[in-house]
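Student:
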Amino acid sequence: MRATHSKKVGTGSSKRPEKLNVHIRNSWRTNLQLIRSIGNMIGYKKSLSEWQCLSEVKMGRGSPIPPMLRRKIVEQYQKGVSQRKIAKSLKLSSSTVHNIIQRFRESGTISVRKGQGRKTILDARDLRALRRHCITYRNATVMEITTWAQEYFQKTLSVNTIHRAIRRCRLKLYRSKKKPYLNMIQKRRRFLWAKAHLKWTVAKWKTVLWSDESKFEVLFGKLGRHVIRTKEDKDNPSCYQRSVQKPASLMVWGCMSVCGMGSLHIWKGTINAERYIQVLEQHMLPSRRRLFQGRPCIFQHDNARPHTASITTSWLRRRRIRVLKY
Numbered sequence: 001m002r003a004t005h006s007k008k009v010g011t012g013s014s015k016r017p018e019k020l021n022v023h024i025r026n027s028w029r030t031n032l033q034l035i036r037s038i039g040n041m042i043g044y045k046k047s048l049s050e051w052q053c054l055s056e057v058k059m060g061r062g063s064p065i066p067p068m069l070r071r072k073i074v075e076q077y078q079k080g081v082s083q084r085k086i087a088k089s090l091k092l093s094s095s096t097v098h099n100i101i102q103r104f105r106e107s108g109t110i111s112v113r114k115g116q117g118r119k120t121i122l123d124a125r126d127l128r129a130l131r132r133h134c135i136t137y138r139n140a141t142v143m144e145i146t147t148w149a150q151e152y153f154q155k156t157l158s159v160n161t162i163h164r165a166i167r168r169c170r171l172k173l174y175r176s177k178k179k180p181y182l183n184m185i186q187k188r189r190r191f192l193w194a195k196a197h198l199k200w201t202v203a204k205w206k207t208v209l210w211s212d213e214s215k216f217e218v219l220f221g222k223l224g225r226h227v228i229r230t231k232e233d234k235d236n237p238s239c240y241q242r243s244v245q246k247p248a249s250l251m252v253w254g255c256m257s258v259c260g261m262g263s264l265h266i267w268k269g270t271i272n273a274e275r276y277i278q279v280l281e282q283h284m285l286p287s288r289r290r291l292f293q294g295r296p297c298i299f300q301h302d303n304a305r306p307h308t309a310s311i312t313t314s315w316l317r318r319r320r321i322r323v324l325k326y
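As structure tokens, then:
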């Protein structure tokens, strides 16, 4: 039993020193990298001997040679040392040493050559032209821009390429905001109105009774524009968008001031001058007396046709109601 045990130990002991040496070398490399990182944190400058030790560590494929090691290769080359001896002393491949020396001969520098890579289809000049086109035609789709770019640059371009190029131009596709259209006359009037009321104080704005009416569509309208479904449920009636040509609607009129809220009036259908005067008599005048309690106030309404009709303006004039003009 003892002889058999000693035989097993003897056969296994021959492999143990090799594994132990590999473990010691790996641990030494790990500790050396740790010392290097700590030295960088505290601002310690590495010596040339340390770079030689680091060169023994196998670097990854494509990793650049450190500048200190490149400088050492050039210095030995200038002293007349052969490339084979330089590669052997610094534990580098002969092709690596040859490439560094060849670059030093051609350019006189030891810096790393910038990677070539695949060149972009659109250069800086093309991107400037693309940016000008996108700013000029802001409402164009990516497909329309792609068609224009293919004709203008005479190159084969895809939609994804144009999409990436637009981002390189520091532009991005957004959903545009909805704003009412204003022509130059309307903009001019608004500017003059704002300039005329620029010096109004807060106390004067508190004397304004604001009013407006809105239309509310009942049940239908543009409901269901977005739906959560699977790809196969596109023909499911519960996933349809409900819409009708003339949905039922209600008109709501209301007023308010800094003193509080006025009364609301709801009616069906459209409004004309006669119905608007009835709303003013039944809801505006009581709200005015309740909110201002006999104090002078200014009534505000927009320039809708029932508001600017002759019978409406004459009624306001007879009632001696001061209107905020637009």
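Residue numbers for the sequence shown follow UniProt numbering, so the first one is 1 and each next one is one higher. All C-beta atoms in this analysis are idealised placements derived from N, C-alpha and C, irrespective of residue type, glycine included. Because the structure is a prediction, the values reported are computed rather than measured.
#1: Since W253 contacts V227 with CB under 8 Å, what's their CB separation in whole angstroms?
#2: Ignoring anything shorter than 4 residues, give me the alpha helix (DSSP H) runs that lie fully in the segment 66-98, in order along the chain.
#3: In the segment 222-264, which residue ranges form an unbroken beta strand (DSSP E) of at least 3 residues, counting only runs that do not cross its ends?
#4: May I ask you to report which of helix, strand or coil DSSP gives S49?
#5: Apply the 10 Å Cβ neighbour rule to Q83 and answer buried if 16 or more other Cβ atoms are within range, or exposed otherwise.
#6: Go ahead and label G108 buried or exposed: buried means 16 or more other beta carbons lie within 10 angstroms of its beta carbon, across all protein chains shown.
#7: Identify, in the order they occur along the chain, each residue of the same chain with its Cβ nearer than 7 Å to the Cβ of R289, setting aside the five sequence neighbours on each side.
#8: Given a cut-off of 8 Å on the beta-carbon distance, is the pair I162 and I185 in contact?
#9: Assuming T207 and P296 form a contact by the criterion Cβ under 8 Å, report the distance between their Cβ atoms to the nearest whole angstrom.
#10: In terms of residues, what are the limits of the beta strand (DSSP E) holding V208?
#11: Distance check for R167 and G80, CA to CA, integer angstroms please.
#12: Is it right to say L143 is buried, meaning 16 or more other beta carbons lie within 10 angstroms of its own, or is it exposed?
#13: With respect to the beta strand (DSSP E) encompassing Q300, which residues constitute its N-terminal and C-terminal limits?
#14: Can you grab the Cα-Cα spacing for the pair L291 / G260, in whole Å?
#15: Flag K155 as yes if its beta-carbon sits less than 8 Å from any beta-carbon of chain D, otherwise no.
#16: Among the candidates C239, T201, P286, Y152, whose CA atom is the shortest distance from the CA of H265?
#17: Can you tell me whether Y152 is buried or exposed, with buried defined as 16 or more other CB within 10 angstroms of its CB?
#18: Determine whether the beta carbon atoms of R131 and L171 lie at a separation below 8 Å.
#19: Alpha carbon to alpha carbon, how far is I101 from R71?
Tutor: So, from the data block:
#1: Their Cβ separation, rounded to whole angstroms, is 34 Å, which puts W253 and V227 out of contact at 8 Å.
#2: 67-78, 83-89
#3: 249-257
#4: Bear in mind that a pLDDT of 49 at S49, under 50, signals an unreliable position, so the number given afterwards is only what the model happens to contain. Note: S49 maps to helix in three-state DSSP.
#5: buried
#6: exposed
#7: none
#8: no
#9: Confirmed, Cβ separation roughly 7 Å.
#10: Per DSSP, V208 belongs to the beta strand (DSSP E) from 208-217.
#11: 53 Å
#12: Position check: residue 143 holds Met in this sequence, whereas Leu was assumed. Looking at its Cβ environment, which holds fewer than 16 other Cβ atoms inside 10 Å, M143 is exposed.
#13: 298-300
#14: Spanning the alpha carbons of L291 and G260 requires a straight line of approximately 7 Å.
#15: Annotation note: the requested chain D is absent from the structure, which comprises a single protein chain.
#16: P286
#17: exposed
#18: yes
#19: 10 Å
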